[in-house]
Amino acid sequence: MKCFSLLLLFSTLVTAEIFTIRPIDKTKISTGDVLSVQIEAKQSSSELPELVGERIGGVFYVLEQNGEKLKVIVANPQSVEGVREKTSNQYRLVGFDYEFKKSQPIQDFIIEDKEYDLDETMGPFWLVVISLITFGIFFIIFKLYRQKVRDRQLKERKRADAHELLNKFKKASTREELEELYLTRNEVRELIDFNEKHFLDFLQLLDSHQYKKEWSESELLEVREKLSKLNKNLSVKSGI
Numbered sequence: 128m129k130c131f132s133l134l135l136l137f138s139t140l141v142t143a144e145i146f147t148i149r150p151i152d153k154t155k156i157s158t159g160d161v162l163s164v165q166i167e168a169k170q171s172s173s174e175l176p177e178l179v180g181e182r183i184g185g186v187f188y189v190l191e192q193n194g195e196k197l198k199v200i201v202a203n204p205q206s207v208e209g210v211r212e213k214t215s216n217q218y219r220l221v222g223f224d225y226e227f228k229k230s231q232p233i234q235d236f237i238i239e240d241k242e243y244d245l246d247e248t249m250g251p252f253w254l255v256v257i258s259l260i261t262f263g264i265f266f267i268i269f270k271l272y273r274q275k276v277r278d279r280q281l282k283e284r285k286r287a288d289a290h291e292l293l294n295k296f297k298k299a300s301t302r303e304e305l306e307e308l309y310l311t312r313n314e315v316r317e318l319i320d321f322n323e324k325h326f327l328d329f330l331q332l333l334d335s336h337q338y339k340k341e342w343s344e345s346e347l348l349e350v351r352e353k354l355s356k357l358n359k360n361l362s363v364k365s366g367i
């Protein structure tokens, strides 16, 4: 039995390896610090042991490992009677200036994914604020959309009115139809592009005849000629 114990002890000593741990970003450390360190070993980085969650060198807990580079947190120094390092390898800390600060013992780290409920992490006030902001954004979008629809409908209605007005000018022939054109002069200026001189000549001639009881044939022809000149330059106003 004693021979077996001695053989086991000898086997452990032979298989255990000594790794040197050196600082990367800072040398002066104290309990609770998080820092980056580097392992110096004969093996390549791919052959190094997996150390995440392990305690090494008595005062380091390994948080992350990237090959020979480790991110560690400084724990309280480990006593002989305390929790022993789980790995059989030995780790020598070189180049560190350690300052002991008593703190609560740091247990093994367990990394877990957790979904947080919005009601747990945010108070009612912020829920109200976010709700109001969201409502405000949607309200503005809705108002802009409605205004855009109204503008488009108004433009389409104006275009239809302009084409209808053009047809009236093209088809007017009788005295009643010609006198009706005089009443549309304001609409013409809003919806129709025209020759200003021809338009004024037509209106003036029409105004001089429209109060007469009857028009002679020559007067009717004269008004029609003015209208014919005006019609050559009539078109729907650009932008409508």
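Here the sequence shown is numbered in the working numbering, starting from 128 and rising by one per residue. Cβ coordinates follow ideal geometry from the N, Cα and C atoms, glycine included. Quantities reported herein were computed from a predicted structural model and do not represent experimental measurements.
Item, Value
"How many Å lie between ILE148 and LYS228 at the Cα?", "21 Å"
"Go ahead and label PHE146 buried or exposed: buried means 16 or more other beta carbons lie within 10 angstroms of its beta carbon, across all protein chains shown.", "buried"
"Once DSSP output is grouped into helix, strand and coil, what is the label at GLN274?", "helix"
"Can you tell which of LYS282, VAL255, THR301 and LEU332 has its C-alpha closest to the C-alpha of GLU317?", "LYS282"
"Which same chain residues end up closer than 6 Å to GLN165 when comparing Cβ atoms and leaving out the 5 residues on each side of it in sequence?", "ARG149, ILE151, GLU195 and LYS196"
"Just list the alpha helix (DSSP H) runs in the stretch 313–345, keeping only unbroken ones of 4 residues or longer that don't cross its boundaries, in chain order.", "323–336"
"Using only the alpha-carbon positions, how far apart do ARG219 and ILE183 sit?", "9 Å"
"For SER171, which three-state DSSP category applies?", "coil"
"Ignore the nearest five residues each way along the sequence and tell me which others in GLY209's own chain have a CB closer than 8 Å to its CB.", "Summary for GLY209: the model assigns pLDDT 37, below 50, so the residue's position carries little reliability; its value from the coordinates is reported in the next sentence. Excluding positions up to five away in sequence, the list is empty."
"So LEU293 and LEU354 are in contact, right, with Cβ under 8 Å, and what is the actual spacing, rounded?", "In fact, because the Cβ distance is near 12 Å, the residues do not count as touching under 8 Å."
"Specify the secondary structure class of ASN360 as computed by DSSP and reduced to three states.", "coil"
"Would the beta-carbon of PHE223 fall within 8 Å of that of THR154?", "yes"
"Could you round the C-beta distance between GLN170 and VAL179 to whole angstroms and report it? I think they count as a contact, below 8 Å.", "That belief does not hold up - the Cβ atoms of GLN170 and VAL179 are roughly 17 Å apart, past 8 Å."
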